[in-house]
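**Student:** Numbering (the numbering used here), first residue to last: 99 to 373.
Backbone N, C-alpha and C define an ideal beta-carbon position, used for all residues, glycine too.
My questions all concern the structure below.
Laid out in C-alpha cells, this is it:
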C-alpha cells in the first residue's frame, strides 16, 4: 500500500514538473509571438582578441530591434560554434564585450586569420623601415593614422614634403592587434594604401628618408602642404609673433637725449650711455 502511494506521489510530481515545463515553453512562445519586433542576436560576452578562437563561454545573446538588425548577424550559437569537433571560427578583428558578432567580423569555420582580413577592399599593405626617430619614438600602434613625410637632398637642396596624409597603420613589426597599447621601438611599420599610394611609397623609399607623423583623433580636413626647404628655416633673424614686443637698448646721447634702438638677439632692455 505504501509502495503504491509512493509511486502515485512520484507520478504526480513528474506530471506537475512536466506541466511547468510545458507552461514555460508556452509562455516563451507566447512572448515571442506577442513581441515580434525583438530579435535575439549573438554577441561577445567578453573581449575577444584579433585572431583568437571563438569559444562558447565567450558568447552571449542580447535583444535587438528587428527593424534595425545589422546585415550578417548570428541568431543562434550553432551558427558560430563548430559542430562535432569541427574547425572553429576566429575573430577577424578585435571584438569588445557586448559587441554584436557579424559575418564580416569572424572567419569561416577553419579559415586562417591574417593581416589580410584587416585590409579594405582593393587596398594594399606596404611595409616601411623606421627607427626610434622616424617612427615617432615607438608610439605608433596598429589602428593609428599617420602622415608620411619624405626628407630628400643634402646641403642647400635639403627639403621635406608630406607625400601622404591620413594613412592607417595595420601592423607594427609582426603585431597587428589594434588593442595593443604598449609602445615600443619598431623596425617596420605596415600601412594600408591604395595601389597608387603604394607606387608613390615605393619611389619615396628609394629617394630619401621617410618619417611618420602621428595624427590626433580630431584632425581637421587635410589640405595639400608645400615642401619646406632648408633655406626656409635658416633665417638671419629669429621669428617673432606679430605684435610681440621687440628687445631694445636705450642709448643716452651726450646731449642728454635718450634714443631707443631695437637689438637683434637681446631679450632685455638696457640703457647704454654714449658720449
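Mind reading off the beta-carbon distance from residue 207 to residue 180? Whole number of angstroms is fine, and I expect it under 8 Å.
**Tutor:** Their Cβ separation, rounded to whole angstroms, is 6 Å, which keeps residue 207 and residue 180 in contact under 8 Å.
**Student:** For residue 269, count neighbouring C-beta atoms within 10 Å of its own C-beta (all shown protein chains included) and say buried if the count is 16 or more, exposed if not.
**Tutor:** With 16 or more other Cβ atoms within 10 Å, it is buried.
**Student:** Helix, strand or coil: which one does DSSP assign to residue 130?
**Tutor:** For residue 130, the pLDDT reaches just 48, beneath the cut-off of 50, and the residue's location in the model is therefore unreliable, although a value from the coordinates is still provided. Helix, per DSSP.
**Student:** In three-state terms, what does DSSP make of residue 184?
**Tutor:** Correct three-state label for residue 184: coil.
**Student:** For residue 266, I'd like the list of residues in its chain whose CB is within less than 7 Å of its CB, leaving aside the five on either flank, ordered along the chain.
**Tutor:** Within the same chain, residue 266 has close Cβ partners 243, 289 and 290.
**Student:** May I ask which residues mark the beginning and end of the beta strand (DSSP E) holding residue 165?
**Tutor:** Neither: residue 165 is in no beta strand (DSSP E) and is coded neither H nor E.
**Student:** Taking buried to mean at least 16 other C-beta atoms within 10 Å of its own C-beta, is residue 148 buried or exposed?
**Tutor:** That one is buried.
**Student:** In terms of alpha-carbon separation, which member of 170, 330 and 249 lies closest to residue 262?
**Tutor:** Checking every option, the nearest Cα to that of residue 262 belongs to 249.
**Student:** By the three-class DSSP mapping on this structure, what secondary structure does residue 146 have?
**Tutor:** The answer is strand: DSSP assigns residue 146 an E or B state.
**Student:** Are the region 299-311 and the region 208-228 touching, with three or more C-beta to C-beta distances below 8 Å?
**Tutor:** Yes, since at least three Cβ pairs between the region 299-311 and the region 208-228 fall closer than 8 Å, the two stretches touch.
**Student:** Within the same chain, show all residues whose beta-carbon is closer than 7 Å to that of residue 152, passing over the 5 residues directly before and after it, in chain order.
**Tutor:** Hits under 7 Å: 146, 178, 186, 187, 188, 189 and 204.
**Student:** Considering only the alpha carbon of each residue, which of 273, 264 and 211 lies closest to residue 311?
**Tutor:** Ranking 273, 264 and 211 by Cα distance to residue 311 puts 264 first.
**Student:** Quick one: Cα of residue 211 to Cα of residue 323, how far?
**Tutor:** Their backbone Cα atoms lie some 38 Å apart in a straight line.
**Student:** Here's a check: name, in chain order, each residue in its chain whose Cβ is nearer than 8 Å to the Cβ of residue 256, leaving out the five neighbours to either side.
**Tutor:** Closer than 8 Å at Cβ, skipping near neighbours: 249, 250, 327 and 328.
**Student:** Expressed to the nearest angstrom, what Euclidean distance is found between the alpha-carbon atoms of residue 194 and residue 307?
**Tutor:** In a straight line, the C-alpha of residue 194 is about 38 Å away from that of residue 307.
**Student:** Give the secondary structure of residue 241 by DSSP, where H, G and I count as helix, E and B as strand, and everything else as coil.
**Tutor:** Correct three-state label for residue 241: coil.
**Student:** List, from N- to C-terminal side, the beta strand (DSSP E) runs of 3 residues or more that fit wholly inside the region 250-327.
**Tutor:** Correct list: 257-270, 286-291 and 307-312.
**Student:** Where does residue 122 sit, in a helix, a strand or coil, going by DSSP?
**Tutor:** For residue 122, the pLDDT reaches just 49, beneath the cut-off of 50, and the residue's location in the model is therefore unreliable, although a value from the coordinates is still provided. Residue 122: helix per DSSP, three-state reduction.
**Student:** Please tell me whether residue 218 and residue 283 are closer than 8 Å, where the distance is taken between their beta carbons.
**Tutor:** No, these two residues do not count as a Cβ contact at 8 Å.
**Student:** Less than 8 Å between the beta carbons of residue 160 and residue 142, yes or no?
**Tutor:** Result no, Cβ atoms of residue 160 and residue 142 do not sit closer than 8 Å.
**Student:** Can you look up residue 329 in the DSSP assignment and give me helix, strand or coil?
**Tutor:** Of the three classes helix, strand and coil, the one that applies to residue 329 here is helix, per DSSP.
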